[in-house]
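Read through the structure below, which is laid out as structure tokens, and then see the notes.
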Amino acid sequence: MSVVKDATNDSFESFSDFLASKGLRMTGQRKGVFEALFDQTGHFTAEQLLKDAKSLDETVSRATVYRCLPLLVESGVIRKIDVGQDNKFYSLNGASQTFKAQVICSDCDKIYDIDAPFMEWYGKNVSEKLGLHVKDQRLQVHAECPQHRKLGACSHTS
Ligand SMILES: [Zn+2]
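FYI, in this note's numbering the residues of the sequence shown are 9 to 166.
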């Protein structure tokens, strides 16, 4: 009905096709994980996804989620954001395929996504000059968030 719903259906179909190309099936548990994805806002961890997937389908196990995540990344539904912390973060790719850079507050670890299309262009150009094909690239900026700048420190909620 809504645009969001259509995007979800498209992603679901392309993920099903991706699984099929790997000789894998869209099982009930994988569907649960997939549906929980669209309850996520912003960045999420595997544990957050597990919690939401379990509330949709209690048969979803931790192993299912951890095995499903690399498949979702490879299929392009989500992307992995490695900010050098213990927890790996993920984010839905959504309609925008614009390259994102992450700006991370060096105190509270809050992550900001910013569009950085020039980065993609730069990586591609530099690589092509060397006859290489870009597989992955990232830009991380460490900064002080507005709260840190205003108060000199961040409130740590977790
Ligand atoms: Zn901060």
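Using N, Cα and C, we set each Cβ at its ideal position, and we do this for glycine too.
- Sorting E136, V68 and I112 by C-alpha distance to the C-alpha of Q148 places I112 at the top.
- Closest option to C76, judged by alpha-carbon separation, among Q37, L100 and D144: Q37.
- Under DSSP, no beta-bridge partner is assigned to R70.
- With respect to the 8 angstroms criterion, F42 and F26 are not classified as neighbours on the basis of their beta carbons.
- Counting of Cβ neighbours within 10 angstroms places G40 among the buried residues, the total reaching 16 or more.
- Under DSSP, L100 shares a beta bridge with I86.
- In terms of Cα proximity to D94, the closest of D117, C153 and L100 is D117.
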